[in-house]
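Asks:
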DNA sequence: ACACGTCATGGGAACGTTCGCAAACATCAA
DNA sequence: TTGATGTTTGCGAACGTTCCCATGACGTGT
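Residue numbers (my numbering), protein chains in the order written: chain A, 109 to 441; chain B, 109 to 441.
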């Protein structure tokens with residue numbers, strides 16, 4: 109039904125091999141011949157069948173990306189950016205989500221693993237052993253997870269948090285609250301605690317809760333009890349819950365209380381008041397993670413062994429404060 | 109490197125064909141033999157290579173979904189739901205976005221078309237001719253677009269809009285404004301106009317603008333000039349812009365003005381005040397569109413001709429009002 | 001003029017699977 | 001017992017591509 113390489117070959121008056129080379133190794137075929145082939149291909153509407161191509165062993169041309177939750181507004185911009193980057197490099201991206209459950213993550217991996225050349229696992233719930241086993245079978249990059257020997261993209265919030273602490277300090281805040289809603293053992297709290305301590309700001313930690321809007325609603329009622337004038341939330345969604353409840357309580361943001369989110373999702377820019385937040389650039393993370401995976405793929409296909417003994421590469425992604433309308437001077441007490 | 113069907117065959121002491129059948133046509137192989145094969149496969153960690161499988165002609169087991177913008181919060185829940193549905197039916201979903209530009213849409217289609225058994229095109233920017241041509245080459249379902257002869261999922265806002273009009277009427281509103289921010293010629297406005305007229309509500313249309321937050325901000329300043337007490341926006345994002353600007357202007361929502369969005373994205377449920385909006389169930393639309401595509405695929409592979417003359421199926425998805433805090437009684441004038 | 005590398009091209013096996021065909025065997029009615 | 005029928009299995013071609021190897025054609029240095 110579809111037009112194959114053979115038809116292009118006979119149309120251009122060359123052999124199948126030459127057509128193949130015209131596409132995959134342009135330098136190896138004479139320019140005039142190549143042009144003739146390209147013309148014939150265009151006329152017939154030919155494009156290579158990826159299934160056949162990958163069967164012969166040259167990879168699938170697809171990257172796998174498994175995120176905790178596609179519907180979490182943090183991820184779509186990252187997915188979008190990675191798609192764009194990948195397309196630019198001749199790859200397609202296959203996305204799936206794990207719902208932060210090991211069983212679902214395994215199912216997702218099973219569904220995509222045979223169709224991709226490599227996998228990016230975001231905040232994987234898998235054990236180290238399983239991850240190592242998987243990394244032995246295919247190129248792997250982990251994000252938001254540290255496993256010795258596996259290439260990694262690390263997101264560092266410290267720069268953004270330091271800027272947030274600085275801003276609050278400059279605005280005269282003394283007592284702050286952090287709403288911890290992280291599921292992972294490695295909470296964002298530690299880094300925050302350090303930054304605030306360094307500036308002599310008192311920080312109480314609430315939680316851990318689930319990372320939901322209602323968490324913010326609930327936590328907002330506790331802020332007054334801590335005599336805090338600033339709140340930093342686990343993410344934008346939780347921060348919006350705080351904003352919501354503050355409005356209900358008649359507490360003005362930012363006049364009475366300042367609120368800071370994390371992630372700079374769409375939510376932050378369209379809330380009322382708009383939300384000061386800590387941004388992690390989705391394009392940067394998509395680009396770096398994608399490139400790292402492609403690199404890993406290249407190095408795996410190159411040598412026979414995967415060189416497990418050499419140090420696995422890692423890249424660190426920074427963050428920065430996006431000041432908006434939810435932070436301001438501390439109220440005079 | 110990976111374990112193939114041949115190894116499973118020799119491990120189970122049967123031929124390659126029998127292993128193949130054990131997976132694809134369980135009824136055709138004797139239960140005891142089948143069990144032996146399954147055990148061997150499990151032990152060896154075998155799973156079929158999709159590339160080889162699709163090469164022989166039995167489809168790729170993948171569905172393509174092309175949406176205008178992955179980062180638009182309306183789509184992620186739909187994508188997620190479709191993934192879940194597809195996985196349940198043994199399919200994988202490959203998502204790409206068109207950025208609402210024809211060139212990008214064509215690029216996206218080119219990138220995925222060879223990897224999928226069929227395509228769902230959301231709000232396609234392609235001409236009817238191109239769509240027909242594409243539909244001749246592969247199973248196709250369009251959403252939010254009407255093309256005679258092509259299977260279609262239609263989203264009907266009329267039920268939700270009628271409910272919205274009812275609510276506003278009951279609350280005593282008389283003059284309303286609709287913010288049109290649709291790019292397509294077929295705006296949501298016509299349906300709205302009709303519903304409001306039917307209830308004797310005056311409706312002024314603003315725009316058309318771009319569907320952005322700033323559009324809402326801008327349009328909010330025009331509402332007073334129309335002496336309107338209720339605003340219905342093209343989508344939640346625009347409605348949030350209205351909410352934002354109303355707060356800036358010192359206009360209270362819903363005391364002075366009621367605001368209604370469309371789509372029921374995450375934005376609507378977490379705004380302050382929470383946004384009354386018209387919901388289109390993402391799961392329903394994902395399920396119906398996915399099922400329709402699979403049906404189309406099945407009917408195409410079945411007969412040789414695609415039966416273009418028979419009426420293309422279409423399914424209609426309803427909508428309903430989700431009342432929240434942004435609507436309330438009209439102010440006494 | 002000769003051997004020799006270089007370059008462009010063609011031939012054909014191989015990738016892992018499915019599927020049409022036929023063989024082997026069992027079952028059953030006449 | 002025999003032929004017909006049905007069930008289970010095996011054989012081998014085919015899917016569309018890549019890539020190793022072979023084959024000429026063409027300089028180039030001796």
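Backbone N, C-alpha and C fix where the C-beta goes; we use that ideal spot for every residue, glycine too. Computed from a predicted structure; not experimentally measured.
Name the DSSP bridge partner or partners of residue 385/B?
Replies: For the purposes of this step, residue 385/B is taken as the residue at position 277 of the second chain. Per DSSP, 369/B, 430/B.
Asks: Within the same chain, show all residues whose beta-carbon is closer than 6 Å to that of residue 204/B, passing over the 5 residues directly before and after it, in chain order.
Replies: For the purposes of this step, residue 204/B is taken as the residue at position 96 of the second chain. For residue 204/B, where only same-chain residues beyond five positions count, the Cβ hits under 6 Å are 174, 216, 220.
Asks: What does the alpha-carbon distance come out to for the pair residue 431/B and residue 376/B?
Replies: Here the question's residue 431/B lines up with position 323 in the second chain. Here the question's residue 376/B lines up with position 268 in the second chain. Looking at the two C-alpha atoms, the distance is approximately 11 Å.
Asks: Determine which residues share a DSSP beta bridge with residue 422/B and list them.
Replies: Here residue 422/B refers to the residue found at position 314 when the second chain is read from its first residue. Partner(s): 260/B.
Asks: So residue 341/B is in the beta strand (DSSP E); what residue range does that whole segment cover?
Replies: The residue given as residue 341/B occupies position 233 in the second chain. Note, residue 341/B: beta strand (DSSP E), 338-341.
Asks: Establish whether the CB of residue 423/B and some CB of chain A are separated by less than 8 Å.
Replies: The sequence position of residue 423/B within the second chain is 315, counting from 1. Answer no: the Cβ-Cβ gap between residue 423/B and chain A never drops below 8 Å.
Asks: Exposed or buried, which one is residue 416/A when buried takes at least 16 other CB atoms within 10 Å?
Replies: The residue you call residue 416/A lines up with position 308 of the first chain. Bear in mind that the predicted position of residue 416/A carries a pLDDT of just 49, short of 50, making it too unreliable to give a figure here.
Asks: Would you list, in chain order, the members of the segment 308-341 of chain B that have their beta-carbon closer than 7 Å to a beta-carbon of chain A?
Replies: 321
Asks: Run the CB neighbour count on residue 206/A, radius 10 Å, all protein chains shown included, and call it buried at 16 or more, exposed below.
Replies: Here residue 206/A refers to the residue found at position 98 when the first chain is read from its first residue. Result: buried.
Asks: Please list the partners that residue 362/B has in chain A, where partner means a Cβ-to-Cβ separation under 9 Å.
Replies: As a position in the second chain, residue 362/B is number 254, starting the count at 1. Going along chain A, no residue has its Cβ under 9 Å from residue 362/B, so there is no contact; the nearest lies around 13 Å.
Asks: Residue 301/B versus chain A: which residues are under 7 Å apart at the beta carbon?
Replies: By 1-based counting over the second chain, the position of residue 301/B is 193. Under the 7 Å cutoff, chain A gives no residues; its nearest Cβ is about 27 Å from residue 301/B.
Asks: How far does the alpha helix (DSSP H) with residue 312/B in it reach, from first residue to last?
Replies: Taking the second chain and counting its residues from 1, one reaches residue 312/B at position 204. No alpha helix (DSSP H) holds residue 312/B; the beta strand (DSSP E) holding it covers 310-314.
Asks: List, from N- to C-terminal side, the beta strand (DSSP E) runs of 3 residues or more that fit wholly inside the segment 192-218 of chain B.
Replies: 200-205
Asks: Considering Cα atoms alone, identify which of 226/A, 225/A, 257/A is closest to residue 240/A.
Replies: As a position in the first chain, residue 240/A is number 132, starting the count at 1. Checked all of 226/A, 225/A, 257/A; the closest Cα to residue 240/A is 257/A.
Asks: Quick one: measure Cβ to Cβ for residue 297/B and residue 304/B, integer angstroms, because I've assumed they're closer than 8 Å.
Replies: Within the second chain, numbered from 1, the residue matching residue 297/B stands at position 189. Within the second chain, numbered from 1, the residue matching residue 304/B stands at position 196. With 8 Å as the limit, residue 297/B and residue 304/B do not qualify as a contact, their Cβ atoms being about 10 Å apart.
Asks: Considering just the uninterrupted stretch of the beta strand (DSSP E) at residue 174/B, what are its terminal residues?
Replies: Translated into the one-based positions of the second chain, residue 174/B becomes position 66. Here the beta strand (DSSP E) through residue 174/B covers 170-175.
Asks: So, for residue 411/B: in the same chain, excluding its five sequence neighbours on each side, which residues have a beta-carbon less than 7 Å away from its beta-carbon?
Replies: For the purposes of this step, residue 411/B is taken as residue 303 along the second chain, with counting starting at 1. With a pLDDT of only 48 at residue 411/B, under the threshold of 50, the placement of this residue in the model should not be trusted; the figure read from the coordinates follows. The answer is none, since no qualifying residue turns up.
Asks: What residues in its chain sit with their C-beta under 6 Å from that of residue 167/A, if we drop five residues either side in the sequence?
Replies: Working through the first chain from its first residue, we reach residue 167/A at position 59. Within the same chain, residue 167/A has close Cβ partners 225.
Asks: Got a sec: is the Cβ-Cβ distance from residue 374/A to anything in chain B below 8 Å?
Replies: As a first step, residue 374/A is located in the first chain; it is residue number 266 there, counting from the start. Chain B, which has a Cβ nearer than 8 Å to the Cβ of residue 374/A, makes this yes.
Asks: Below 9 Å on C-beta distance, what does residue 185/B contact in chain A?
Replies: Taking the first residue of the second chain as position 1, residue 185/B is located at position 77. Residues of chain A passing the Cβ test: 178, 179.
Asks: For residue 138/A, is the classification buried or exposed, using 16 other Cβ atoms within 10 angstroms of its Cβ as the cut-off for buried?
Replies: The sequence position of residue 138/A within the first chain is 30, counting from 1. So residue 138/A counts as exposed.
Asks: Within 10 Å of its beta-carbon, does residue 379/B have 16 or more other beta-carbons around it, so buried, or fewer, so exposed?
Replies: Along the second chain, one-based indexing puts residue 379/B at 271. Residue 379/B is buried by the Cβ-count criterion.
Asks: Which one or two residues does DSSP pair with residue 286/B in a beta bridge?
Replies: Taking the second chain and counting its residues from 1, one reaches residue 286/B at position 178. Residue 286/B pairs with 313/B, 340/B.
Asks: If we call anything under 8 Å between Cβ atoms a contact, is residue 385/A one with residue 344/A?
Replies: Indexing the first chain from 1 puts residue 385/A at position 277. Indexing the first chain from 1 puts residue 344/A at position 236. It is a contact, given that the beta carbons lie within the stated cut-off.
Asks: Step through the CB atoms of chain B and report whether any lies within less than 8 Å of the CB of residue 220/A.
Replies: Numbered from 1 along the first chain, position 112 holds the residue referred to as residue 220/A. Closer than 8 Å: yes.
Asks: Counting only Cβ-Cβ distances shorter than 9 Å, please list the residues of the segment 236-252 of chain A near chain B, keeping chain order.
Replies: 245
Asks: Name the two residues that bound the continuous alpha helix (DSSP H) containing residue 113/A.
Replies: Within the first chain, numbered from 1, the residue matching residue 113/A stands at position 5. Counting along the chain, the alpha helix (DSSP H) containing residue 113/A begins and ends at 113-120.
Asks: In its own chain, which residues sit with a C-beta less than 6 Å from the C-beta of residue 125/A, not counting the 5 before and 5 after it?
Replies: Position 17 of the first chain, counting from 1, holds the residue named residue 125/A. For residue 125/A, same chain residues with a beta-carbon under 6 Å away, outside a window of 5 residues either side, do not exist.
Asks: Along the segment 199-211 of chain B, what residues have a CB closer than 7 Å to any CB found in chain A?
Replies: Residues are counted here when their Cβ sits less than 7 Å from a Cβ of chain A; for the segment 199-211 of chain B these are 200, 202, 203, 204, 205, given in chain order.
Asks: Going by beta-carbon coordinates alone, are residue 171/B and residue 261/B separated by less than 8 Å?
Replies: Position 63 of the second chain, counted from the start, is the residue given in the question as residue 171/B. Position 153 of the second chain, counted from the start, is the residue given in the question as residue 261/B. No, the pair does not count as a contact, with Cβ atoms beyond the cut-off.
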